[in-house]
Every structure is written in structure tokens, then in C-alpha cells.
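Novice: Residue numbering for the sequence shown follows this note's numbering, starting at 3 and increasing by one per position.
Quick reminder that beta carbons are idealized off the backbone N, C-alpha and C, glycines included.
Can you read through this structure? Questions will come right after.
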Amino acid sequence: ADVFGTIIDNDYDQTIVGQEYSELAAHCDFICPMVYPSHYGPGVYNIAIPDAAPYDTVFTSMIASKKALGEYGTGFIASLETRDNTPHAKVRPWLQAFTATWVSGHIPYTPSEVRAQIQAVYDAGYEEWILWNAAVKYDQAYFEPSH
């Protein structure tokens, strides 16, 4: 299931969007939150401009994911686990591979910003991710390890 990243730990967004993160995760093989930093408003996670802090925004949202899904097992979940023999989704977040020029205070998304998001996913304990760019333009450097 592809879901909005803002619903992970925001009851208001869950209500207006109609997506309940932990409930959906209980019924899917994979849940893919769109944790694009450009989609978080100013001040979310105490980050002045989430789009200008790609690592912090993605890392914090992925930790929020672990907390939200922790009720379905012991501790944090980073892979397929079960409770009462019910499968729960593996998390595979969508990451931002575009510059959000419409966001006040935005920054250009170069390979450095994309790699920072990927590192945030790994640092939060997840192993998979997907990139999104509406123009389907992906720089090869996105996929090269950081030095």
C-alpha cells in the first residue's frame, strides 16, 4: 500500500486522508509511506523547513514508523513480523528525487540530498526504499555509495 508519510503519526492527517498507518500495515505485505520532505509543513518534527533537512525529516519519519508499528510486535519492526499469526507489512518508503520549487525555503535536490534520505532510511533500521521523480529523471549518482 502506498500511503502519505504524514499519516504515520498524525491523527488529523489520518482522518482527513482516510489512511490509518498501523491498521493498513496489519493487512499488507508492504507499506510504502511517501516521506518526501517537501510534503511536511513548517515545524513538523521540530524542523523549521522539512524540505531543507532531508536526512532529519526522513530519519524522524522512519523512527515514527517504527513507533507506530511497535504495537504489532515486541520493539521496533523493520521487517515482516507477526502478532497472533497475522502478517504485518514490511516498510519500504518512497523518497524525494525532485526539487520542490513550490515550497518556501526549498533547497535543490542533488544526489547529496537523495543519498542523505537513503542513509536516513538505513540509519533508522530499514533496508529498502523507492525513489520518486514525476519526470522520471534519476541521476546515476543517486545509486552510488557515499564517500
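Along the chain, where does the alpha helix (DSSP H) containing residue 4 start, and where does it finish?
Specialist: Looking up residue 4 in the sequence shown gives position 2. From DSSP, residue 4 is part of no alpha helix (DSSP H) but of the beta strand (DSSP E) over 4-6.
Novice: So what's residue 77 in DSSP terms, helix, strand or just coil?
Specialist: Taking the sequence shown and counting its residues from 1, the one referred to as residue 77 is at position 75. Confidence is the limiting factor: at residue 77 the pLDDT is only 41, short of 50, which leaves the residue's position unreliable, though a coordinate-based value still follows. Residue 77: coil per DSSP, three-state reduction.
Novice: Does residue 29 pass the burial test, meaning 16 or more other C-beta atoms within 10 Å, or should it be called exposed?
Specialist: Counted from its first residue, the sequence shown places residue 29 at position 27. Exposed: under 16 other Cβ atoms inside 10 Å.
Novice: Under 8 angstroms by Cβ, that's how I've got residue 133 and residue 140 pegged, so tell me the actual separation to the nearest angstrom.
Specialist: Working through the sequence shown from its first residue, we reach residue 133 at position 131. Working through the sequence shown from its first residue, we reach residue 140 at position 138. Going by Cβ atoms, the distance from residue 133 to residue 140 rounds to 6 angstroms, so yes, they are a contact pair.
Novice: Comparing alpha-carbon positions, which option in 110, 104, 138 and 66 lies nearest residue 122?
Specialist: The residue labelled residue 122 in the question sits at position 120 within the sequence shown. Checked all of 110, 104, 138 and 66; the closest Cα to residue 122 is 66.
Novice: For residue 77, which residues of its own chain have a beta-carbon under 6 angstroms away from its beta-carbon, when the five flanking residues on both sides are left out?
Specialist: For this step, residue 77 is matched to residue 75 along the sequence shown. Note that residue 77 scores 41 on pLDDT, short of 50, meaning its location in the model is unreliable; the coordinates nonetheless yield the value given after this. Taken in chain order, the list of residues that qualify is empty.
Novice: Suppose you measure from the CA of residue 12 to the CA of residue 128; what does that come to, to the nearest Å?
Specialist: Taking the sequence shown and counting its residues from 1, the one referred to as residue 12 is at position 10. Taking the sequence shown and counting its residues from 1, the one referred to as residue 128 is at position 126. Rounded to the nearest angstrom, the two C-alpha atoms are 21 angstroms apart.
Novice: When DSSP builds the beta bridges, which residues end up paired with residue 92?
Specialist: Here residue 92 refers to the residue found at position 90 when the sequence shown is read from its first residue. According to DSSP, residue 92 bridges with 32.
Novice: Helix, strand or coil: how does DSSP classify residue 142 here?
Specialist: Along the sequence shown, read from residue 1 onward, the residue named residue 142 stands at position 140. Residue 142: helix per DSSP, three-state reduction.
Novice: Suppose you measure from the CA of residue 14 to the CA of residue 21; what does that come to, to the nearest Å?
Specialist: Taking the first residue of the sequence shown as position 1, residue 14 is located at position 12. Taking the first residue of the sequence shown as position 1, residue 21 is located at position 19. Each residue's Cα considered, the two are about 10 angstroms apart.
Novice: Run through DSSP, which three-state label would residue 83 get?
Specialist: Here residue 83 refers to the residue found at position 81 when the sequence shown is read from its first residue. Any reading at residue 83 must be qualified, since the residue scores a pLDDT of 49, below 50, and its modelled position is unreliable; the value itself is stated next. Residue 83: coil per DSSP, three-state reduction.
Novice: Out of 56, 47 and 147, point me to the one whose CA is closest to residue 96's CA.
Specialist: The sequence position of residue 96 within the sequence shown is 94, counting from 1. The shortest C-alpha separation from residue 96 is found at 56.
Novice: Quick one: what's got a C-beta closer than 6 angstroms to residue 37's C-beta in the same chain, skipping five residues either side?
Specialist: For the purposes of this step, residue 37 is taken as residue 35 along the sequence shown, with counting starting at 1. Result list for residue 37: 7, 60, 63 and 95, in chain order.
Novice: From this set, 9, 17 and 24, which residue's C-alpha is nearest residue 159's C-alpha?
Specialist: Residue coverage of the chain in this structure runs from 3 to 149, which leaves residue 159 outside it and unanswerable.
Novice: Checking 8 angstroms against the spacing of the C-beta atoms, do residue 33 and residue 70 come in under that value?
Specialist: Counting from 1 along the sequence shown, the entry for residue 33 is found at position 31. Counting from 1 along the sequence shown, the entry for residue 70 is found at position 68. Result no, Cβ atoms of residue 33 and residue 70 do not sit closer than 8 angstroms.
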